[in-house]
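Participant: Pasting a structure here, questions to come.
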Amino acid sequence: MIEFRNIHKTYDNGVHALEGINLKINKGEFLFLVGPSGAGKSTFIKLLLKEEEPTSGSIIVDDEDITIYSKRKTPYLRRKISVVFQDFRLLEEKTLYENVAFAMQVVGASPKEIRRQVPMVLGMVGLSDRAKQYPHQLSGGEKQRVSIARAIVNRPIILIADEPTGNLDPDTAWEVMKVLRHISRRGTTILMATHAKDIVDVMQQRVVALEKGRIVRDVQRGIYGYET
Amino acid sequence: MIEFRNIHKTYDNGVHALEGINLKINKGEFLFLVGPSGAGKSTFIKLLLKEEEPTSGSIIVDDEDITIYSKRKTPYLRRKISVVFQDFRLLEEKTLYENVAFAMQVVGASPKEIRRQVPMVLGMVGLSDRAKQYPHQLSGGEKQRVSIARAIVNRPIILIADEPTGNLDPDTAWEVMKVLRHISRRGTTILMATHAKDIVDVMQQRVVALEKGRIVRDVQRGIYGYET
Amino acid sequence: MKLRSIQYVLQQSFRGIWRNKGMSVASISSVAASLTILGLIMILILNMSHLAGLAQSQFDSVQAFLVDDLEPADIEVLGKQIADISGVAYVQYESKEAALANMKERWGQQGYLLDTLEENPLPNSYIVHVGHISESDHVVEQLNSFTEIDEVKYYRDIIDNLIRAAELIRSVGLLVIVTLVFITIFIISNTIKLTINARKREINIMKYVGATNWFVRWPFMIEGTLLGFIGACIALILVYFGYHTVFDMVTTRFFVIFSAYLLTVQEMMSRTVMMFIVLGAGVGALGSIISLRRYLEV
Amino acid sequence: MKLRSIQYVLQQSFRGIWRNKGMSVASISSVAASLTILGLIMILILNMSHLAGLAQSQFDSVQAFLVDDLEPADIEVLGKQIADISGVAYVQYESKEAALANMKERWGQQGYLLDTLEENPLPNSYIVHVGHISESDHVVEQLNSFTEIDEVKYYRDIIDNLIRAAELIRSVGLLVIVTLVFITIFIISNTIKLTINARKREINIMKYVGATNWFVRWPFMIEGTLLGFIGACIALILVYFGYHTVFDMVTTRFFVIFSAYLLTVQEMMSRTVMMFIVLGAGVGALGSIISLRRYLEV
Ligand SMILES: Nc1ncnc2c1ncn2[C@@H]1O[C@H](COP(=O)(O)OP(=O)(O)OP(=O)(O)O)[C@@H](O)[C@H]1O
Ligand SMILES: Nc1ncnc2c1ncn2[C@@H]1O[C@H](COP(=O)(O)OP(=O)(O)OP(=O)(O)O)[C@@H](O)[C@H]1O
Ligand SMILES: [Mg+2]
Ligand SMILES: [Mg+2]
């Protein structure tokens, strides 16, 4: 499903964010990406989305090498891979409903489908009654949940989440994890960058640990593994 | 130092964010504000900063009632109270150094002081070598630390932190907590809204728990107290 | 494009305008302002050029004095021959008696001086009206080749100066209008650029949820077109009422006869309507597409 | 304000311009474009008004015909009296002989008609030059009160028309210029507004770190002033070279004599330099302050 082949990424300012990453993620897998601040987790995700280009190496998604992909096809790549961003990236001038509906309009969903699907996912993240409000009227945790709703509404084949529980209290965080586990069971590949030790330890899934741009650990049914 | 007297806050859309808050915080206290997503923690902080006005009730800061304060004096209130924002609020077009220096220029610090103080606080949050970079070149955790550096550089008498460890790995989070404890020992009053159960449990400080806009618990040397 | 998409695009465009009210008003008014200026200048220049044309028509005649002793029949034949010269509009005969009477009338107060003349020294003549002032030279040349014609009189200097002046007004005017059209295009596209710049975050997010470039572009393009179109309409209304007022003021308060020399409000509008709408809407649309380009590169 | 603060403000302003290069260029060029238009129109209108003034000076004389049988001494006394009338610039005497000779010369080809006259029927006259065309009426009135003066001749219609035309050009011209100044102010302040709108987040953050309103305002104001000032300078350079080119073209390629009737490039610049700089920089500064207002309310 996803394969990183000897990926290096050096930013313009000389920071070596990733140094020789080799990783294979299978269809339907649930993978935690952990590591200290600045380890390269977000960079890893940005490369998958073609938000940044790797300095060397190649990335295979769904049997296609996306590093030699034409710019034109980027939108279609991003429809396969949904993302929950660390900074939410909601459209300030659209209501929650519209923010989620927008992701469906982009892929050309029918109004009927949209009317059925959007309230459903807003319900899944517990925001049914806030549908008509704007992002600036929400608390941090609520914004994060809208971002999750938008990411899952199109039933993507790959879901990437960058710190999706960073602004959530433990209870709400677990609600979100249940949603993710649910869609993972439906066959979606999930890649989640996180610092939430509790969650990683309890979920018992594959854990890949990054440190200074390198993979230092890759275990099935792993734990967070950093001292606190 | 800070006193909330029967504070109610209802937003324009009818959400009752705070309902009858009475709370007294003494000088030099270290207080955790906990509660589920949407409980009213950020609203509590916004009222203190006059980002929002309470619907009723009064707030006393440093012996002055800030609810009857003139708009003109708001900047001086904000110099007493430094804030680490949940969404960082860094100036995108300034380097880290400039972002921190800016907070000092605002209060009219001398260039000499600025040159001494800024590198010091950047060192405290472990970002000395990134001083010349821009916010968009940083990872989420790094941005959060810049935001903390900016908040402490002026040695405020009150420091408010909204989820300051949300994007940090446990190790870095503890580094940040050490910095906060350090300035707390110097006499700064600290108010921290957080979901980080581990941290609250270990720190053994006063814990105020909000739920649906009401204070449901207020204990000295408390713990996070929500099930996970 | 599917019907559903068209509906989506239109809906997004109107919402875009409405949600960014402040900026929409700013863009529309900048477009209106610059087109209004263009309209003002066009009024000035077109009228000057029109006046130059009218002035020329006052000097479109050439007087051909005939030799003495021609038979009436010869004179008539000559008249027909002159009328056949290419460029000649029509011909008028003035007998020597008529010429003297005219002269006396023109001299007015001093006309009595002519009463002391023993005989009429003036020749018979044809007044030859040319179709266009620029053909005078050629007509005069032809007239000189007739043996029956003694001398040809025409306002050579005035005609030359008028032709030059008209040429000058036309070329300077064209230069000014073309310059202005470019400046207008510039201001409009700048405004659209600033409007879009303020929304780069929005565009960025759209791209990250998987929107294709055209999916992002369409609503912005329609929005730019609408802003430009509304601006153009406002400018047209301003130009229309502005010119109407000035026209009325000039023709009633100053010279009534002036009305004949000014382009009518209708003529003016017929020259500006299409131009303004194309400029406003076209530049709005193009400006949107071009300004979007750099933000779509993500 | 402390020296340190001034240094801070200037530094921030230049950085602001540099870091928002794209928008700075857009603002500067919109300001330059609208002031250039204003310059173009001012060239047109000031020149038209200047030409009208020159045309008037061609008709600044009145001819007073004297009654017959005046002694040369009386004539001389009368001349002095006329010269004393307020509004009279200077007086020229034309004897009846000189008048006839002039007339003969004017008639040219047909001058021989005058040779048959038995006696000179023309009167002696004074040609009275008035200081300004608008004083003609008053001078004529005074002249009519002399018994030695038989009749006063002047180009009443032409003078009236010229006065009206000049008045028309002045009032329509003033209207157009004032309208344009407003439109220019509008475009400049709109541009500044759009520029600031795109930076509202920045302003918002400044306020949250405890900046006073003036601390936020100063750099933006200086920035607006600089953008406006640079735009004004570019417009001045364009107007200068543009007018220089057209002026040269008109005076060499068309009528050499025209140069006397056009405002020189220097005269033109002396009228625009201050105006443009005040408009560009002033509106830039004011526009910044006004546009900032709503973003400072946090
Ligand atoms: N656009 C950029 N330009 C330059 N350097 C960058 C850029 N983005 C990230 N970096 C640097 O690359 C390194 C890896 O960053 P990345 O965002 O991948 O970290 P992360 O693992 O997501 O950290 P966090 O947990 O704090 O979000 C960091 O040192 C960061 O400063
Ligand atoms: N500007 C606003 N307009 C309307 N409603 C708002 C606004 N800001 C917050 N709210 C609502 O008020 C309630 C309290 O929000 P607040 O941001 O204080 O929560 P919080 O405790 O900080 O939550 P979190 O942990 O998710 O950040 C929420 O239901 C939120 O949706
Ligand atoms: Mg990250
Ligand atoms: Mg909050």
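Protein chains in written order, with the working numbering: chain C, 760 to 987; chain F, 760 to 987; chain R, 117 to 414; chain U, 117 to 414. Even glycine gets a Cβ: it sits at the ideal position worked out from N, Cα and C.
1) Return the residue from the list F:R980, F:L806, F:E970 and F:A868 that minimises the CA-CA distance to C:D928.
2) Residues in the segment 845-867 of chain F with C-beta within 8 Å of chain U's C-beta atoms, listed in sequence order?
3) Check whether the Cβ atoms of R:S250 and R:I293 lie closer than 8 Å to each other.
4) Residues of chain C with CB closer than 8 Å to the CB of F:N772, please, in chain order.
5) Scan the segment 322-348 of chain R for residues whose Cβ lies nearer than 7 Å to a Cβ of chain C and list them as they occur along the chain.
6) Chain F partners of U:V381, CB-CB under 7 Å?
7) Less than 6 Å between C-beta atoms, sequence neighbours within five positions excluded: which residues of the same chain meet that for U:L194?
8) Considering only DSSP beta bridges, list what C:A920 is partnered with.
9) Could you check where the beta strand (DSSP E) with R:Q179 kicks off and where it finishes?
10) What three-state label does DSSP hand U:G155 in the structure shown?
11) Alpha carbons only, please: which of C:R848, C:R914, C:K839 and C:R973 is nearest the one belonging to C:I873?
12) Please list, in chain order, the chain F residues whose beta carbon lies closer than 7 Å to that of C:E901.
13) Any C-beta of chain C sitting closer than 8 Å to the C-beta of R:V479?
14) Specify the secondary structure class of C:K871 as computed by DSSP and reduced to three states.
15) How would you call F:H895, buried or exposed, if buried means at least 16 neighbouring beta carbons within 10 angstroms?
16) Is U:I319 near U:L378, with beta carbons less than 8 Å apart?
17) Please report how far the alpha carbon of U:G358 lies from the alpha carbon of U:I161, in whole angstroms.
18) Where do the N-terminal and C-terminal ends of the beta strand (DSSP E) with U:S211 fall, by residue?
19) Does the CB of F:H954 have a neighbour CB from chain C at under 8 Å?
20) What residues from chain F crowd round C:N906, counting only those whose CB sits closer than 8 Å?
21) Would you check if the distance between the CB atom of R:F345 and the CB atom of R:A397 is smaller than 8 Å?
22) Per DSSP, what kind of secondary structure is C:E809 in: helix, strand or coil?
23) Should F:L782 and F:H767 be called a contact, given that it needs their Cβ atoms to be closer than 8 Å?
24) In or out: R:A214 buried (at least 16 other Cβ within 10 Å) or exposed?
25) List, in order along the chain, the chain C residues whose C-beta lies closer than 8 Å to that of R:Y124?
26) Rounded to a whole number of angstroms, what is the C-alpha to C-alpha distance between C:G787 and F:I761?
27) Thinking F:I916 and F:V880 are a contact (beta carbons under 8 Å), I'd like their distance in whole angstroms, please.
28) Using a threshold of 7 Å, is the CB atom of U:N320 nearer than that to any non-hydrogen atom of ligand 2?
29) Just tell me which of R:M365, R:S404 and R:L259 has its CA closest to the CA of U:R287.
30) Excluding the 5 residues preceding and the 5 following U:I201 in the sequence, name in chain order all residues of the same chain whose CB lies nearer than 7 Å to its CB.
31) At a cut-off of 7 Å, would you count F:A955 as near ligand 4, judging by its Cβ distance to the nearest heavy atom?
32) Could you work out which residue in U:I198, U:E210 and U:H248 is closest to U:S241 when comparing CA atoms only?
33) Considering only their Cβ atoms, is the gap separating C:G779 from C:R973 smaller than 8 Å?
34) For the beta strand (DSSP E) containing F:R764, list its first residue and its last residue.
35) For chain R, find out if any of its Cβ atoms is closer than 8 Å to the Cβ of C:E812; answer yes or no.
36) Report yes or no: is there a C-beta of chain F within less than 8 Å of the C-beta of C:N926?
Facilitator: So, from the data block:
1) F:E970
2) R848, L849, L850, E851, E852, F861, A862, Q864, V865, V866 and G867
3) no
4) Q892 and Q896
5) Y324, V325, G326, A327, T328 and F331
6) Near U:V381 there are no residues of chain F at all, since even the closest Cβ is about 42 Å away, more than 7 Å.
7) E264
8) C:V843 and C:M951
9) S177 to L182
10) helix
11) C:R914
12) S796 and G797
13) Nothing about residue 479 of chain R can be read from this structure; chain R reaches only from 117 to 414.
14) helix
15) exposed
16) no
17) 16 Å
18) Run containing U:S211: none; DSSP gives neither H nor E here.
19) yes
20) Note on residue identity: the sequence assigns Ser, not Asn, to residue 906 of chain C. Ordered by position in chain F, no residue passes the 8 Å Cβ test against C:S906, which lies about 13 Å from the chain.
21) yes
22) Checking the displayed sequence, the identity of residue 809 of chain C turns out to be Lys instead of Glu. Three-state DSSP puts C:K809 in coil, outside helix and strand.
23) no
24) exposed
25) Q864
26) 52 Å
27) Their Cβ separation, rounded to whole angstroms, is 17 Å, which puts F:I916 and F:V880 out of contact at 8 Å.
28) no
29) Arg is not the amino acid found at residue 287 of chain U; the sequence shown has Ser there. Nearest of R:M365, R:S404 and R:L259 to U:S287, Cα basis: R:M365.
30) V255 and Q258
31) no
32) U:E210
33) yes
34) I761 to T769
35) no
36) yes
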